[in-house]
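Visitor: Before I ask anything, here is the structure I am working with.
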Amino acid sequence: MAPMKNASPVGDIQSAIRAAGARVTPARVRALAALRAASSPQTHAEIEETLAQEAHPAIDRVTLYRVLDWLCSAGLAHKAADARGVFRFSAAQPNVEHAGHVHFRCTGCGGVFCLKSPPPPAPALPRGFRLGGMALDIRGECPRCVRAHS
45 MAPMKNASPV GDIQSAIRAA GARVTPARVR ALAALRAASS PQTHAEIEET LAQEAHPAID
105 RVTLYRVLDW LCSAGLAHKA ADARGVFRFS AAQPNVEHAG HVHFRCTGCG GVFCLKSPPP
165 PAPALPRGFR LGGMALDIRG ECPRCVRAHS
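Here you go:
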């Protein structure tokens with residue numbers, strides 16, 4: 045009997061890519077797997093370094109940029125600028141609205157952390173305005189940066 049395709053994290057990733065209406069490629073699978081395994085949002089360089097440590101062939105820098113942009117446009121990943129203006133990527137949680145929480149941006153290391161706090165309610169807008177989205181960023185230092193300054 046053949047194993048089920050979704051019986052592994054790789055199978056889940058492949059299914060997510062197919063569900064987004066795209067072809068499964070090794071670069072997409074590896075990049076999304078790296079994002080899902082990361083404990084915090086990662087820069088392009090950090091993802092590139094993680095992937096370079098694998099036994100698989102390297103993914104060139106431009107291909108990785110394209111894959112990350114595709115993952116974001118497909119709703120499988122998120123891209124946000126950190127306190128230094130560097131883009132960081134994180135895996136989207138399946139069936140979870142990413143805008144449904146607040147972000148904490150570390151002014152020390154530039155990390156972006158998703159908090160479990162819901163955002164405040166949308167403000168009342170003047171007549172004729174239409175809300176297109178809301179983002180709340182809280183800034184400070186993460187525990188690692190606080191320890192480094194202690």
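According to this note's numbering, the sequence shown is numbered sequentially starting from 45. All residues carry an ideal CB built from backbone N, CA and C; glycine is no exception.
#1: Where does I182 fall in DSSP's three states?
#2: When you compare only the Cα positions, how much space is there between C186 and V146?
#3: Figure out for me which residue from A63, S83, L112 has the closest Cα to the Cα of E92.
#4: Hey, how far is the Cα of R62 from the Cα of F173?
#5: Give me the DSSP bridge partner(s) of R149.
#6: If A102 sits next to A96, beta carbons under 8 Å apart, how far is it from one beta carbon to the other, in whole angstroms?
#7: Figure out for me which residue from C158, A166, A64, A168 has the closest Cα to the Cα of A197.
#8: Per the DSSP calculation, A135 is bridged to which residue(s)?
#9: Could you give the DSSP three-state label for T107: helix, strand or coil?
#10: Below 8 Å CB to CB, which residues in the same chain sit around A166 once its five sequence neighbours on both sides are set aside?
#11: Where G154 and G65 are concerned, what is the direct C-alpha to C-alpha distance, given to the nearest angstrom?
#12: What does DSSP give as the partner residue(s) for Q86 in the beta ladder?
Guide: The short version:
#1: Looking at I182 - three-state DSSP - the assignment turns out to be strand.
#2: In a straight line, the C-alpha of C186 is about 15 Å away from that of V146.
#3: Residue L112 is the option with its Cα nearest to E92.
#4: C-alpha separation (whole angstroms): 37 Å.
#5: Looking at the DSSP assignment, R149 forms a beta bridge with V156, R183.
#6: Indeed, because the Cβ distance is near 6 Å, the residues count as touching under 8 Å.
#7: No statement about residue 197 is possible, as the shown extent of the chain runs from 45 to 194 and does not include it.
#8: Partner(s): A121.
#9: The answer is helix: DSSP assigns T107 an H, G or I state.
#10: Within the same chain, L175, M178 come within 8 Å of A166 by CB-CB distance, once the 5 residues on both sides are set aside.
#11: Each residue's Cα considered, the two are about 33 Å apart.
#12: Looking at the DSSP assignment, Q86 forms a beta bridge with F133.
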